[in-house]
Amino acid sequence: MSEAIRKIVIAGGGTAGWMTAAAIGKVLGANLDITLIESDQIGTVGVGEATIPTLLTYNRLLGIDEAKFMSAVGGTFKLGIAFENWTDVDHRYIHSFGITGKDHWTAGFQQFWRKGRELGVAKEFGDYCLELVAAEKRRFAHLPKLGLNYAYHLDSSAYAQFLRKMAEDNGVVRREGKIGEVRKNEAGDISSLILDDGTVIEGDFFVDCTGFRALLIGEALGVGYEDWTHWLPCDRAIAVQTKSVGPPLPYTRSIAHSAGWRWQIPLQHRTGNGIVFCSQYMDEEEGKAFLLSQIEGEVLTEPRVIPFRTGTRSAHWERNCVAIGLSSGFIEPLESTSIHLIQRSVMRMLQMFPQGSVASVDIDEFNKQTFFELEHIRDFIILHYHLTNREDTPFWRYCRGMDIPDTLRHRMELFRETGRTFRANDELFAENSWTQVMLGQGIMPQSHHPVADVMSEEEVRNFLSHIDENVRRTVETLPSHEDYLKSYCPSSQSIPE
Ligand SMILES: Cc1cc2nc3c(=O)[nH]c(=O)nc-3n(C[C@H](O)[C@H](O)[C@H](O)COP(=O)(O)OP(=O)(O)OC[C@H]3O[C@@H](n4cnc5c(N)ncnc54)[C@H](O)[C@@H]3O)c2cc1C
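Below is the structure:
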């Protein structure tokens, strides 16, 4: 290809398709023809309702008004994820989005906290984190000066509708129809998509957002799939929506069970529930029965089975096609990272948008950056499964005993011996996330940094109690999450009949 890109075709209109369309429309819509094809007959995966704080950046770049957005998607605020029964049955911790305590430039807060534990003057690690304590007390407000770190729970179909309106306002044209054929030119690039009614949609550049089907990147261009199920063995989910039974929690619940885990995602108008499990250890009927026995509130939808295979495409950009969303791979939803990865791919694609014809250096750079990001997230998710005391079922015995990537082994050993964590380059999960999850999953570092010994016992006590008091005093000033939602962004969604 030597001509400048003029016609963009986005195949698929789930969260990935519409996030892509809204962003390209906003940034380049004035100069490009952008068409999105989706099929109501096929529908979307219909899950993906918990996010992480990076979505605030995407929304800001698109100029989205937060209160209007929250209201449209029946959204609630999310301060973290509660992990129940992961380390041991009846054990619970929260991985919050906040920063815990106060670091010194030589050493993370956990080094001082560990010294405090040794002296018997430190409370639980999470007590020194504003977001975590606010989550436990079910309180929330925007705190501009302190910068409370939060994300959203949202209704995924309402979110797609919200983005669709934005995209169409910026000139994106939606075509309803089922893609039956992907046509390529002599060079092997994609040239057009043929709908079942015979309509030909031509393009210069294609974005594959067709979900697990991966019609363009997988089927047409033959890009392979790297399977990660030996590290992340869950391969089925069942999703069901219920009426809420109480005020929405400002955090996601992730509750481990005998062969995986289940989620509870509180929205303003309903609750999203689901179970993730490994079919080798639990069959679908068992999974369904277990899920229905655990959820609270009237069931609003038929339980829906979603098979998946954890892994990644071996290339995310191939020729004139970029894969975004489930077509590009899937790391299971434990830390709500998929929508983040969509956002990252959309932003990266726009940053590397062809300046003329498609350049192979751009393709290489795009794929390199995407892999780096994915592998770090993958390691972080494996950590939750592998670092457990549970041996009560074959599933957990497998996870405890399985081989893990060397990169992860190194992090665990480093933390176990020294309490140190680090953030490699620009990876998603920062030091505080690794610390919270490694402590939560049961590693207590064997030693602490010598800088903590420079402080006397009294200094350590005062340092810790000062942070603790500040956290508690601030949380006392916050309204309840429920009251805040009602005044800031009451839902415009209603419970499905
Ligand atoms: C069980 C589970 C739980 C999850 N939970 C979370 C979470 O909490 N947080 C998070 O960030 N992510 C989560 N995810 C991931 C999240 O759901 C997806 O990343 C997100 O929904 C994007 O999906 P998608 O748009 O790629 O695919 P889909 O929603 O499947 O959309 C595919 C689109 O392609 C269209 N299409 C397909 N084939 C054709 C064809 N032949 N012709 C025309 N159109 C076609 C479909 O109609 C549809 O519009 C979860 C995923 C699973 C499986």
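This note's numbering puts the first residue of the sequence shown at 352, with every later residue one more than the last.
Ideal placement from N, C-alpha and C gives every residue a C-beta, glycine not left out.
Using a Cβ-Cβ cutoff of less than 8 Å, which residues in the same chain neighbour residue i once the five nearest sequence positions on both sides are dropped?
| i | result |
| --- | --- |
| Met-352 | Bear in mind that a pLDDT of 44 at Met-352, under 50, signals an unreliable position, so the number given afterwards is only what the model happens to contain. Closer than 8 Å at the Cβ level, and outside the excluded window around Met-352, lie Ala-538, Asp-540, Asp-555, Asn-671, Ser-708 and Val-709. |
| Ser-321 | Here the chain covers residues 352 to 848 and nothing more, so residue 321 does not appear. |
| His-832 | Thr-427, Phe-428, Arg-489, Arg-490, Phe-491, Pro-598, Pro-599, Leu-600 and Pro-601 |
| Phe-704 | Ile-356 and Leu-379 |
| Val-627 | Cys-585, Arg-587, Ala-588, Gly-611, Trp-612, Arg-613, Trp-614, Glu-683, Pro-684 and Leu-685 |
| Thr-580 | Asp-586, Arg-660, Thr-661 and Gly-662 |
| Arg-812 | Gly-467, Leu-470 and Val-472 |
| Leu-725 | Thr-663, Gly-680, Ile-682 and Leu-692 |
| Ser-448 | According to the sequence provided, residue 448 is Phe. The question's Ser does not apply to it. Cβ within range, chain order: Ile-403, Pro-404, Lys-429, Leu-430, Gly-431, Glu-482, Asn-500, Tyr-501 and Ala-502. |
Mapping the DSSP letters down to three states, classify residue i as helix, strand or coil.
| i | result |
| --- | --- |
| Ser-807 | coil |
| Met-352 | Since pLDDT at Met-352 reaches only 44, below the 50 mark, its modelled position is unreliable, and the value read off the structure follows with that caveat. Correct three-state label for Met-352: coil. |
| Arg-751 | helix |
| Ile-552 | strand |
| His-832 | helix |
| Phe-428 | strand |
| Glu-820 | helix |
| Arg-490 | strand |
| Ile-714 | helix |
| Leu-593 | Just to set this straight, residue 593 is Thr in the shown sequence, not Leu. Strand at Thr-593. |
| Glu-669 | strand |
| Ile-626 | strand |
| Ile-388 | strand |
| Pro-796 | coil |
| Tyr-444 | strand |
| Val-396 | coil |
| Lys-535 | strand |
| Val-826 | helix |
| Leu-481 | helix |
| Pro-684 | helix |
| Gln-787 | helix |
Using only CA atoms, which one of the options lies nearest to residue i?
| i | options | result |
| --- | --- | --- |
| Val-650 | Ala-590, Ala-518, Ile-682 and Thr-457 | Ala-590 |
| Phe-389 | Leu-734, Arg-564 and Arg-613 | Sequence check: residue 389 is Glu here, not Phe. Ranking the options by Cα distance to Glu-389, first place goes to Arg-564. |
| Arg-762 | Leu-790, Asp-743, Gly-498 and Pro-745 | Leu-790 |
| Ala-486 | Leu-413, Leu-725, Tyr-835 and Leu-600 | Leu-600 |
| Gly-414 | Leu-514, Asn-740 and Thr-451 | Leu-514 |
| Val-788 | Gln-392, Pro-404, Ser-422 and Thr-451 | Thr-451 |
| Thr-795 | Trp-747, Arg-771 and Val-484 | The amino acid occupying residue 795 in the given sequence is Met; Thr does not appear at that position. Nearest C-alpha to Met-795: Arg-771. |
| Phe-773 | Asp-454, Glu-435, Tyr-839 and Ile-445 | Asp-454 |
| Ile-755 | Asn-821, Asn-813, Ser-696 and Trp-582 | Trp-582 |
| Phe-420 | Leu-546, Tyr-510, Ile-693 and Asp-634 | Tyr-510 |
| Lys-837 | Gln-645, Leu-618, Glu-647 and Arg-699 | Leu-618 |
| Tyr-632 | Cys-750, Phe-723 and Lys-516 | Cys-750 |
| Val-551 | Leu-734, Asn-821 and Thr-386 | Thr-386 |
| Asn-740 | Gln-792, Lys-516 and Ile-675 | Gln-792 |
| Glu-768 | Thr-405, Pro-658, Gln-844 and Arg-465 | Arg-465 |
Below 6 Å CB to CB, which residues in the same chain sit around residue i once its five sequence neighbours on both sides are set aside?
| i | result |
| --- | --- |
| Thr-721 | His-667 |
| Lys-377 | Leu-413 and Asn-521 |
| Thr-395 | Gly-365 |
| Val-778 | First, the residue type needs correcting, since residue 778 is Glu and not Val in the sequence shown. Correct list, in chain order: His-727. |
| Thr-758 | Asp-730 |
| Lys-358 | Asp-384, Gly-554 and Asp-555 |
| His-446 | Gly-431, Ile-432, Gln-787 and Val-788 |
| Glu-354 | none |
| Met-700 | Val-673 |
Grab me the residues of residue i's own chain with a C-beta within less than 7 Å of its C-beta, minus the 5 sequence neighbours each way, in chain order.
| i | result |
| --- | --- |
| Asn-718 | Ala-666, His-667 and Trp-668 |
| Asp-548 | Gly-528 |
| Pro-830 | Arg-490 and Ala-492 |
| Asn-783 | Ile-450 and Thr-451 |
| Pro-841 | Ser-422 |
| Arg-534 | Ser-542, Ser-543 and Ile-545 |
| Ile-393 | Lys-529 |
| Val-697 | Met-370, Thr-371, Ala-374 and Ile-675 |
Subject >> Cβ pair count under 8 Å reaching 3, the stretch 600-612 against the stretch 436-443 >> reply: Yes, the stretch 600-612 touches the stretch 436-443.
**OP:** Say whether the stretch 511-531 touches the stretch 372-383, bearing in mind that this needs 3 or more beta-carbon pairs closer than 8 Å, one atom from each stretch.
**Re:** Touching, yes.
Original post:
With a cut-off of 8 Å, do at least 3 Cβ pairs link the stretch 678-698 to the stretch 389-401?
Top reply: A contact between stretches requires three or more CB pairs, one per stretch, nearer than 8 Å, and the stretch 678-698 meets this requirement with the stretch 389-401.
Original post:
Is the number of C-beta pairs between the stretch 446-459 and the stretch 792-810 that are closer than 8 Å three or more?
Top reply: Touching, yes, given that three or more Cβ pairs across the two stretches are closer than 8 Å.
Original post:
Are there three or more Cβ pairs, one per stretch, closer than 8 Å when the stretch 740-752 is compared with the stretch 619-638?
Top reply: Contact check between the stretch 740-752 and the stretch 619-638: three or more CB pairs, one atom from each, fall below 8 Å, which counts as touching.
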